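When you number the first sequence by the numbering used here, it's gap-free, plus one each residue, and the end is 490.
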Amino acid sequence: MKNVRIVDVLKSGQVGTEITVKGWVRTRRGSKNVNFIALNDGSTINNLQVVAEVEVFGEDFFKNINTGAAVGVTGKLVESGGSGQSVELQASALELIGAADPDKYPIQPKRHSLEFLREVAHLRPRTATFSAIFRIRHAMVFAIHNFFNDRGFYNVHTPIITSSDAEGAGEMFRITTLPAKDAPLNEEGNVDFTQDFFGKSANLTVSGQLEGELFAMALAKIYTFGPTFRAENSNTSRHLAEFWMIEPEVAFSDLNDNMDLAEDFLKYLIRYALDHCMDDLLFLSSRLVEEEKTKPADQRSMELIEKLKFVADNDFVRLTYTDAIEILKNSKPNKKGKFQYPITGYGTDLQSEHERFLVEQEFKKPVILTNYPKEIKSFYMRLDDNGETVAAMDVLFPQIGEIIGGSQREERLDVLERRMDEMNIPKDDMQWYLDTRRFGGCPHAGFGLGFERLLLFVTGMSNIRDVIPFARTPKNCEF
RNA sequence: UCCUUAGUAGCUCAGUUGGUUAGAGCGGCGGACUGUUAAUCCGUAGGUCGUAGGUUCAAGUCCUACCUGAGGAGCCA
Numbered sequence: 012m013k014n015v016r017i018v019d020v021l022k023s024g025q026v027g028t029e030i031t032v033k034g035w036v037r038t039r040r041g042s043k044n045v046n047f048i049a050l051n052d053g054s055t056i057n058n059l060q061v062v063a064e065v066e067v068f069g070e071d072f073f074k075n076i077n078t079g080a081a082v083g084v085t086g087k088l089v090e091s092g093g094s095g096q097s098v099e100l101q102a103s104a105l106e107l108i109g110a111a112d113p114d115k116y117p118i119q120p121k122r123h124s125l126e127f128l129r130e131v132a133h134l135r136p137r138t139a140t141f142s143a144i145f146r147i148r149h150a151m152v153f154a155i156h157n158f159f160n161d162r163g164f165y166n167v168h169t170p171i172i173t174s175s176d177a178e179g180a181g182e183m184f185r186i187t188t189l190p191a192k193d194a195p196l197n198e199e200g201n202v203d204f205t206q207d208f209f210g211k212s213a214n215l216t217v218s219g220q221l222e223g224e225l226f227a228m229a230l231a232k233i234y235t236f237g238p239t240f241r242a243e244n245s246n247t248s249r250h251l252a253e254f255w256m257i258e259p260e261v262a263f264s265d266l267n268d269n270m271d272l273a274e275d276f277l278k279y280l281i282r283y284a285l286d287h288c289m290d291d292l293l294f295l296s297s298r299l300v301e302e303e304k305t306k307p308a309d310q311r312s313m314e315l316i317e318k319l320k321f322v323a324d325n326d327f328v329r330l331t332y333t334d335a336i337e338i339l340k341n342s343k344p345n346k347k348g349k350f351q352y353p354i355t356g357y358g359t360d361l362q363s364e365h366e367r368f369l370v371e372q373e374f375k376k377p378v379i380l381t382n383y384p385k386e387i388k389s390f391y392m393r394l395d396d397n398g399e400t401v402a403a404m405d406v407l408f409p410q411i412g413e414i415i416g417g418s419q420r421e422e423r424l425d426v427l428e429r430r431m432d433e434m435n436i437p438k439d440d441m442q443w444y445l446d447t448r449r450f451g452g453c454p455h456a457g458f459g460l461g462f463e464r465l466l467l468f469v470t471g472m473s474n475i476r477d478v479i480p481f482a483r484t485p486k487n488c489e490f
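Pasting the structure below:
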């Protein structure tokens, strides 16, 4: 008999039919005559209740049907005699496929802290919380490709290994096949990378943007979706050394088009989650509500699903950096000296506390900040006519902060070269990039969305290590 | 990297001004129970108190260093 998935059984299973399901035991409750097994096969947050008579299988048989064990069950789907579920599986055959020693299996039917589960990240997808998160993660991957495909974008696989180190997006991981001990040295006494695998120094990519631009200059609308690596020593709940990023790049497009795209994109993804992952969202919401109860009333946040709907249904605030500075300068916390970094005027970089104030206090919705001073942004961002600001945009979300960073790119070769000189970007290594401006250059724009930060928002989780299967952070590279 | 804070049983924690044999709940195991929903009830095992030094008659408790986690900051996505 063919296996059926529990999600299908619970949704459309016909009472009276004979089925086989295979999955893992979440809990088993026994009494003298009958055992109840909560079975989960990963297809849904919900368990299927299996009812097994002690008389049929013998008392000893159940000793190995423990939490975590893999089992196969064949039986008849019947209306449930209990109140917790509408249908249940009356077992006629019960097979232990893989035992889980209850003395050693770390995940037991009790509350575990997220910190503990991070230490057993290889087993945590078997918990309700993490199975929900990773089903949602999958749904978001799918939605991202859908969104772009429907709008005529082409997916480009930009390189993971790169020799370009001019992106300035962060410290890079060097990759090499040279021996760690006694590496060959050149005349200056430095490691001689001409003898390395690629004949030059190579790194893991910190962004696919520059290569993405090359393809936007040919396919017009492209997006990348791949892993990104930053060797920054960042120890926060919002940073990973290895994370996934989505970077669309659009030819014949300006900053306004870019903002429209970013806002449409985020709303589409959130609506997709609401439309396709409601069971998992309801579960995550309820666990958040429990967690919130332990906090003081004024620190509680909006209920998850309500929050997602709110963002999907309301326009983002669009604000220039200069206007944001004015608002912050005249804000209560600034006047009362509540900011750790007081706002004095134009030119200061915005700190987390300022972004938080704008998003969570002033507007209470996502904010797109634009036109930052050129000094605090990257060389490739298009210089505005005032010569002072650049066509940059950051999308700020509540709790998470910057979820998207993007810009209209500098398409004027002379301006771009001047900016590279000012910011000490070596032009020699970047001729391939400058060629896009030399040959058929055009206005274009794009942005980068941190995939895990999106997942933080959608799942309501608060630590980024909990929305990626295996987190890589400083001092942590298990599995 | 900086600041704050924590590390005691498989997990979550308590452990008083330093003082005999370090406790609880959950989980596990054994038993009871006519259908349970994180079942319930009775019983039971389980600890080199993060590591290394130090102070002291005496250290889970005080001091120093290191390791690891968490929260915040910086950097950013």
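We put the beta carbon where it would ideally sit given N, CA and C, even for glycine.
Keep in mind it's a predicted model, so treat the numbers as computed, not measured.
Through-space distance from residue j to residue i, alpha-carbon basis
| i | j | result |
| --- | --- | --- |
| Ser342 | Thr355 | 12 Å |
| Leu21 | Leu88 | 10 Å |
| Lys3 | Phe204 | Because the chain is modelled from 12 through 490, residue 3 falls outside the range shown and cannot be assessed. |
| Phe153 | Glu463 | 15 Å |
| Ala110 | Lys74 | 10 Å |
| Val469 | Phe276 | 14 Å |
| Gln25 | Ile144 | 29 Å |
| Gly457 | Val167 | 14 Å |
| Phe263 | Phe408 | 28 Å |
| Gly181 | Ser212 | 16 Å |
| Leu125 | Ile475 | 11 Å |
| Pro353 | Glu422 | 36 Å |
| Lys347 | Glu373 | 16 Å |
| Arg137 | Leu50 | 11 Å |
| Ser312 | Gln101 | 43 Å |
| Asp19 | Asp286 | 17 Å |
| His156 | Ile233 | 11 Å |
| Leu230 | Val426 | 25 Å |
| Lys375 | Thr28 | 52 Å |
| Arg393 | Gln96 | 59 Å |
| Ser94 | Val32 | 22 Å |
| Met431 | Lys385 | 12 Å |
| Tyr283 | Met151 | 8 Å |
Residue closest to residue i, alpha-carbon to alpha-carbon, out of the options
| i | options | result |
| --- | --- | --- |
| Val406 | Gly398, Glu428, Glu399 and Val328 | Val328 |
| Gly452 | Met183, Phe226, Asp291 and Asn160 | Phe226 |
| Ala482 | Glu29, Thr239, Ser94 and Val32 | Thr239 |
| Thr216 | Ser174, Val84 and Arg146 | Ser174 |
| Ile281 | Asn269, Leu251 and Phe321 | Phe321 |
| Arg37 | Thr169, Pro485, Gly27 and Thr55 | Thr55 |
| Arg429 | Ile414, Tyr391, Gln419 and Gly416 | Tyr391 |
| Glu302 | Asn214, Gly416, Leu319 and Ser473 | Ser473 |
| Ser571 | Gly83, Gln220, Arg39 and Thr169 | Nothing about residue 571 can be reported from this structure: the residues present for the chain run from 12 to 490 only. |
| Arg122 | Ala139, Glu106 and Lys115 | Ala139 |
| Val261 | Met228, Ala284 and Glu253 | Met228 |
| Glu337 | Met441, Gly412, Tyr357 and Glu130 | Tyr357 |
| Pro377 | Thr247, Trp35 and Ile414 | Ile414 |
Neighbour-count burial assignment, residue i, 16 or more Cβ in a 10 Å radius
| i | result |
| --- | --- |
| Ile387 | exposed |
| Ile172 | exposed |
| Ile108 | exposed |
| His133 | exposed |
| Asp324 | exposed |
| Pro113 | exposed |
| Leu196 | exposed |
| Trp255 | buried |
| Val67 | exposed |
| Ala104 | exposed |
| Gln351 | exposed |
| Phe368 | buried |
| Gln4 | No answer is possible for residue 4: the residues shown for the chain start at 12 and end at 490. |
| Gly200 | exposed |
C-beta atoms of residue i and residue j nearer than 7 Å
| i | j | result |
| --- | --- | --- |
| Ile316 | Ser297 | no |
| Ser142 | Gly53 | yes |
| Leu466 | Arg148 | yes |
| Leu339 | Leu380 | no |
| Leu299 | Gly471 | yes |
| Glu106 | Gly83 | yes |
| Glu258 | Gly459 | yes |
| Trp35 | Ala81 | yes |
| Pro117 | Val98 | no |
| Phe158 | Tyr332 | no |
Exercise for the section: Determine contact between the stretch 207-216 and the stretch 183-190, defined as no fewer than three beta-carbon pairs at a distance below 8 Å. Expected result: Contact annotation: the stretch 207-216 touches the stretch 183-190, with at least three C-beta pairs closer than 8 Å.
Problem - At least 3 beta-carbon pairs within less than 8 Å: the stretch 433-445 vs the stretch 356-374 - result: Counting Cβ pairs under 8 Å, fewer than three are found: no touch.
Exercise for the section: Examine the Cβ distances between the stretch 65-82 and the stretch 39-46 and report whether three or more of them are shorter than 8 Å. Expected result: For the pair of segments examined, the stretch 65-82 was found to touch the stretch 39-46: the number of CB pairs separated by less than 8 Å reaches three.
Problem - Cβ contact (3+ pairs, closer than 8 Å) linking the stretch 439-448 and the stretch 234-251 - result: These segments do not touch.
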